[in-house]
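A.B. asks:
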């Protein structure tokens, strides 16, 4: 979230798209309801009428996978009616920048941006024109045909109401109503916010979906203001934390980049990732990159080696190679992976094309399942229809503690790091994950010390001082406060900065004081300031709100440096420093200081400092050349679509995605059925309030299983009639990759779409179910049976094995199926 | 010759057993019923192991009421039901119980007042059984509410008639109580109260 | 003590069912095996082990439109509570908070309340021979806490407080909704202790009586027959006593009998 949960209450218009927040983030609706009580409008855009839609002022249906068309139409509407927040756009975005004249856009280039070879773009033409001094060439009047603003206008001129409606199936009057209502927030002093979740990201164009919304928010001046922002509703309480701390292959903690094999030295690595700028007024915060690298290396390897040596120990990835979920499971499926730690996940149900995932697990030599208890992943070898004697994989279950059985922090969607205390001891042999890791580390280190091996020092020299070692030199009880302090970082030597002396061993008060010479450590520079000499900031519990706009700045701690609303420097007029919205100011200049939220790098008013300090030029990117699939979002059909061709261009699907469905790249589990009469129905997946993710934790809970006992499929009455299905009957759903039985909920909350004059049906299935808690599976002696059984398996048995061009998030939200009455 | 002092057997053993079976059943139903119904009578439930116990005793005694009613109906049936032409005359004169009447129509074994009592006990007993079973066995949805009301109405009627019956069966008509205990009363008592029955010679038969 | 009432504002309810679960948790009510019957609503209805339930109703609206209505169903805690009126054992009673509580120890499962309740709230369990229903979390109220369902509600759709305060807040909200909210509960059974602000007309909600009242059968029984049941037998006894005094017992005189007998 650029903003935070409480801040939703400040909004004048909330657009919830790609999310059923009312159901899946129920607490968010406390604040959405507050906003509505204050006269704020709520818009729900969703293929099906959801709990969120039931509370919305406007509900607009759209066919799954057509968000960019929908939002592209809104961009056109805003530009056509000149509803932009002009001063904001001119001063705070790159709309004024002139783009390389050689740059070509899909409208004039067969649906592609210039530079595509194979499935990769050469981005040479996606560049800005420069002046002799190296600064970007700009046109403040935004009239130059090559300026970003004009290109944007030209690109989205194709997204007429007519075309958008033909693609999305949204009636034109609904489109216009949504556009008009939301664009109202472009007026200075008005704030509109967007709430999105997996409905936005789980698409082959997921990243561009969010880009489209970001562009709208920038045009309307809604970033950095109270009640504004682009707000990702995280699907798990600590997903934000796990991302910040780099539970992903391509980053290190604090969004530092993962070094590649070609970056042989620390200097080469820093040079590659430290941006420079010639723009005079830009703070270019990432110029501090080497300080954060050095501090991280110190946290990893301590003072016993040089920074260069420490860098040498870091594992490196091969440049251009993807190591994300889909790639891992594809390799596993092809027998190229020997061992697998399934840690805190239920891959057999959560992974796209579950038949592939489940079969892949059988090609492992060994698997360690670290979870609260057994699940479909750990027991994949005895799933219904599987012959255990044919599975060679050796499976270990390491029971771990749940969140209430250990102390530590979580970081929620608000970027709010909140300290939690242990309520009860873990049952039986279960241990906190950290202690399992510590135990593993100790044993692996001993093996390396004894037997050696490639890059042994990467393990043996790790700084691991999180508690008292036992007789074997292993740390079995972790001191989580030590870890939290290491994440914050220490001065490793006495240092005097700006006439203040910091003693060796004291905690660094803020990341502005981190050093590139190895004299400071920080496990995650973004979290520097979270645990200081003043104490554990995340444990603060002062609920008083000094701001009057719900910042609650003394409650816990949020990154960066307790800033609650990101880019808040953009909430004020660049010349006068006066807040756009004087009723809900985020920061106010009191003559000598900014008061309110922690200001986002802004200098005193009128000095020209740009607020988007994480961008080299200090400006928000309406033109975003950093992405793999284009500087502007363009509508492409989902990987599987009901259409023969893309209505808006000759290019059917995102050209920059990696594919497994082609000859020689995959098998039946990777196959694709598009514009295929055997699979004519669009399908999407969703979650339920009552169940959590794959249901691992909730399906065993009798009260929750009582409320949602069975996987179901929502079907419109029209489709039900065609298929002869009555409400409550069993239905077999088939995609080209798998099938699933589900109970029919025949409901007018799903309506047939009229797509380009043709009726297209869509259905939806929750993916919270799995076979482990069903009645008909085999229970061995000693297996716990659930108090209440649930029925049905994972909806991911149906989903395609394809990912977003940038993130490789699987496209689980738009694919093609067929349905029949079960047994018919 | 049979003297007036001689005893005549009015009720057989069977009839007396039926009487007391019914009487005890109704008595038990009444005290358990009232023990549930009125907060001030709740103390009665102590005898039956609490409020659930008293309900169970009431419900199962209610089942026992059904054969009692059928048997009582049998007793009445044997003596003939109403004889409307003369019975109405009797009722017009209230059987001579309330004011002095010279010429009360002669009664059989049961006078019309007693027959009315039979009728009330049997019909309202059936009503009590039917409403009681509905309350007990059917799910308590809204039309069932009237069952409770009818049940309560039945109590009012039965209780009222029963009190008259007890009064007349004891101090109101001295000597009559013997019928339900020993089964025998003095011949002259019978000649007075059941002249027709005596004329039929039924008593003689019974007397043997 | 001021009467306490609960307000359910359907215009703020998202059907998340936190209330339904919190009720089970606080009252320690077990779950029962269910199945999906083509609806989110589960269990299907209130039961001895489900005292609060979110009902889901889908209503057509316009050509392509639909409305999805959620209703928190639980005891309405009527002012004129038919259940309390009919409860012979005293198990159902009015508390100092004006709520209707149930002393399970006293309940003997006569089920009269089940038939009397115009909202169909009390639920009879044959296995325990007792009736169960929401008691507004009396154990929480006694400790100064709000009911568990209210505590759990994330959106503020459920509120609890003094009658005056809640009533005026409800009226204000209905005015604010300007035709988009319908107050339900203030106009019958003497006013309910759970007030609704409905998103649509009451007729569009399933299993919700539009004009609930204390059933006639209850009035006939409790207000008419109950006094009569004392008066009638009492009158009979009094009449018998007078009869004994005035007319005297009907003694059969030997002479007259003999005469007649001989005649």
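Protein chains in written order, with my numbering: chain U, 15 to 838; chain V, 659 to 866; chain Y, 550 to 812. For each residue, glycine too, the CB sits at the ideal point set by N, CA and C.
Excluding the five sequence neighbours on either side, which residues of its own chain have a C-beta within less than 8 Å of the C-beta of residue 161 of chain U, listed in chain order?
C.D. replies: For residue 161 of chain U, where only same-chain residues beyond five positions count, the Cβ hits under 8 Å are 109, 110, 111, 112, 113, 152, 153.
A.B. asks: Output needed in chain order: residues of the stretch 29-62 of chain U with a Cβ under 7 Å from some Cβ in chain Y.
C.D. replies: The residues in question are 36, 37, 40, 41, 43, 44, 47.
A.B. asks: What does residue 584 of chain Y touch in chain U if you count any residue whose Cβ is under 8 Å from its own?
C.D. replies: Going along chain U in sequence order, the residues near residue 584 of chain Y (Cβ under 8 Å) are 723, 724, 757, 805.
A.B. asks: Cutting at 6 Å between CB atoms, please list the residues of its own chain near residue 703 of chain U, excluding the five before and the five after it.
C.D. replies: Closer than 6 Å at the Cβ level, and outside the excluded window around residue 703 of chain U, lie 37.
A.B. asks: Show which residues of chain V have a CB atom less than 9 Å away from the CB atom of residue 657 of chain Y.
C.D. replies: Per Cβ cutoff of 9 Å: 694, 703, 708, 709, 710, 711, 712, 713, 714.
A.B. asks: Run through chain Y and tell me which residues come within less than 7 Å of residue 761 of chain U, C-beta to C-beta.
C.D. replies: Within chain Y, the residues near residue 761 of chain U are 607.
A.B. asks: For residue 359 of chain U, name the three-state secondary structure that DSSP assigns.
C.D. replies: Correct three-state label for residue 359 of chain U: coil.
A.B. asks: Terminal residues of the continuous beta strand (DSSP E) containing residue 603 of chain U?
C.D. replies: Start and end: 601-603.
A.B. asks: From U:403, U:808, U:824, pick the residue whose C-alpha is nearest to that of residue 707 of chain U; which is it?
C.D. replies: For residue 707 of chain U, the nearest C-alpha among the options comes from U:808.
A.B. asks: Which residues in the same chain have their Cβ closer than 7 Å to the Cβ of residue 827 of chain V, if we skip the five residues on either side of it in sequence?
C.D. replies: Within the same chain, residue 827 of chain V has close Cβ partners 834, 835.
A.B. asks: For the stretch 636-656 of chain Y, which residues have a beta carbon sitting closer than 9 Å to at least one beta carbon of chain V?
C.D. replies: Residues passing the 9 Å Cβ filter: 637, 638, 639, 640, 654, 655, 656.
A.B. asks: Using CA atoms only, rank isn't needed, just tell me which of U:248, U:592, U:460 is closest to residue 425 of chain U.
C.D. replies: The candidate whose alpha carbon is nearest that of residue 425 of chain U is U:248.
A.B. asks: Under 8 Å, with one C-beta from each stretch per pair, do the stretch 84-95 of chain U and the stretch 570-584 of chain U reach the 3-pair mark?
C.D. replies: Cβ pair count under 8 Å is below three, so no.
A.B. asks: Ignore the nearest five residues each way along the sequence and tell me which others in residue 807 of chain Y's own chain have a CB closer than 6 Å to its CB.
C.D. replies: For residue 807 of chain Y, the predicted structure reports a pLDDT of 45, less than 50, and the residue's modelled location is therefore unreliable. A value from the coordinates is still provided. Nothing meets the Cβ criterion.
A.B. asks: Assign residue 1 of chain U to buried or exposed, taking buried as 16 or more other Cβ atoms, counted over all protein chains shown, within 10 Å of its Cβ.
C.D. replies: Not covered by the structure: residue 1 of chain U. The range shown for chain U is 15 to 838.
A.B. asks: Using a Cβ-Cβ cut-off of less than 8 Å, list which residues of the stretch 563-592 of chain Y approach chain U; keep chain order.
C.D. replies: Listed by position along the chain: 563, 564, 565, 566, 567, 569, 570, 573, 574, 579, 580, 581, 582, 583, 584, 585, 586, 587, 588, 589, 591, 592.
A.B. asks: Select from the stretch 692-721 of chain Y all residues with a C-beta closer than 9 Å to any C-beta belonging to chain B, and list them in chain order.
C.D. replies: No chain B appears in this structure, whose protein chains are U, V and Y.
A.B. asks: Determine whether the beta carbon atoms of residue 677 of chain Y and residue 47 of chain U lie at a separation below 7 Å.
C.D. replies: Cβ atoms of residue 677 of chain Y and residue 47 of chain U: not closer than 7 Å.
A.B. asks: What is the C-beta distance between residue 710 of chain U and residue 360 of chain U, in whole angstroms, given that I count them as a contact (C-beta under 8 Å)?
C.D. replies: Right, the Cβ-Cβ distance comes to about 5 Å (below 8 Å), so this counts as a contact.
A.B. asks: Looking only at DSSP bridge pairs, what is residue 558 of chain Y linked to?
C.D. replies: Paired residue(s): Y:746.
A.B. asks: For residue 812 of chain Y, I'd like the list of residues in its chain whose CB is within less than 8 Å of its CB, leaving aside the five on either flank, ordered along the chain.
C.D. replies: In this predicted model, residue 812 of chain Y has a pLDDT of only 32, less than 50, meaning its place in the structure is not dependable; the value taken from the coordinates is given anyway. Cβ within range, chain order: n/a, list empty.
A.B. asks: Please name the residue in U:503, U:32, U:115 whose C-alpha comes closest to that of residue 522 of chain U.
C.D. replies: For the residues U:503, U:32, U:115, the minimum Cα distance to residue 522 of chain U belongs to U:503.
A.B. asks: Note down the Cα distance separating residue 804 of chain Y from residue 666 of chain V, rounded to an integer number of angstroms.
C.D. replies: For residue 804 of chain Y, the pLDDT reaches just 47, beneath the cut-off of 50, and the residue's location in the model is therefore unreliable, although a value from the coordinates is still provided. Near 18 Å, if we compare the C-alpha coordinates of residue 666 of chain V and residue 804 of chain Y.
A.B. asks: Please identify the residue among U:42, U:140, U:234 whose C-alpha is closest to the C-alpha of residue 107 of chain U.
C.D. replies: Closest option to residue 107 of chain U, Cα to Cα, is U:234.
A.B. asks: Quick check on residue 551 of chain Y: does DSSP put it in helix, strand or coil?
C.D. replies: Coil at residue 551 of chain Y, not helix or strand.
A.B. asks: Could you check whether the stretch 591-609 of chain Y touches the stretch 712-727 of chain U, counting it as contact only if at least three pairs of C-beta atoms, one from each stretch, sit closer than 8 Å?
C.D. replies: With the cut-off at 8 Å, the stretch 591-609 of chain Y and the stretch 712-727 of chain U touch.
A.B. asks: Enumerated in chain order, which unbroken segments of the beta strand (DSSP E) with a length of 3 residues or greater are wholly contained in the stretch 678-758 of chain U?
C.D. replies: Listed in chain order, the complete beta strand (DSSP E) runs (minimum 3 residues) inside the stretch 678-758 of chain U are 695-700, 726-729, 744-748.
A.B. asks: For a test of the three-state rule: what should DSSP assign to residue 164 of chain U, helix, strand or coil?
C.D. replies: In the structure shown, residue 164 of chain U sits in a helix (DSSP, three-state: H, G or I).
A.B. asks: For chain Y, find out if any of its Cβ atoms is closer than 7 Å to the Cβ of residue 668 of chain V; answer yes or no.
C.D. replies: Cβ-Cβ to chain Y under 7 Å: no for residue 668 of chain V.
A.B. asks: Distance, Cα to Cα, residue 734 of chain Y vs residue 722 of chain Y?
C.D. replies: C-alpha separation (whole angstroms): 15 Å.
A.B. asks: Touching or not, the stretch 278-297 of chain U and the stretch 550-557 of chain U, by the rule of three or more beta carbon pairs under 8 Å?
C.D. replies: Counting Cβ pairs under 8 Å, fewer than three are found: no touch.
A.B. asks: Would you kindly report the start and end of the unbroken alpha helix (DSSP H) that includes residue 698 of chain Y?
C.D. replies: It spans 697-701 - the alpha helix (DSSP H) in which residue 698 of chain Y sits, taken as one unbroken run.
A.B. asks: Confirm, please, whether the CB-CB distance from residue 666 of chain Y to residue 632 of chain Y is below 7 Å.
C.D. replies: Yes, they are a contact pair.
A.B. asks: Can you give me the start and stop residues for the alpha helix (DSSP H) that residue 455 of chain U sits inside?
C.D. replies: Taken as a continuous stretch (DSSP letters only), the alpha helix (DSSP H) holding residue 455 of chain U covers 447-465.
A.B. asks: Kindly list, in the order they appear in chain Y, the residues whose Cβ is closer than 7 Å to that of residue 803 of chain V.
C.D. replies: Simply 664, 665, 764, 766, 767.
A.B. asks: If you follow the alpha helix (DSSP H) that residue 383 of chain U is in, where does it begin and where does it stop?
C.D. replies: Segment 380-385 is the beta strand (DSSP E) holding residue 383 of chain U; no alpha helix (DSSP H) there.
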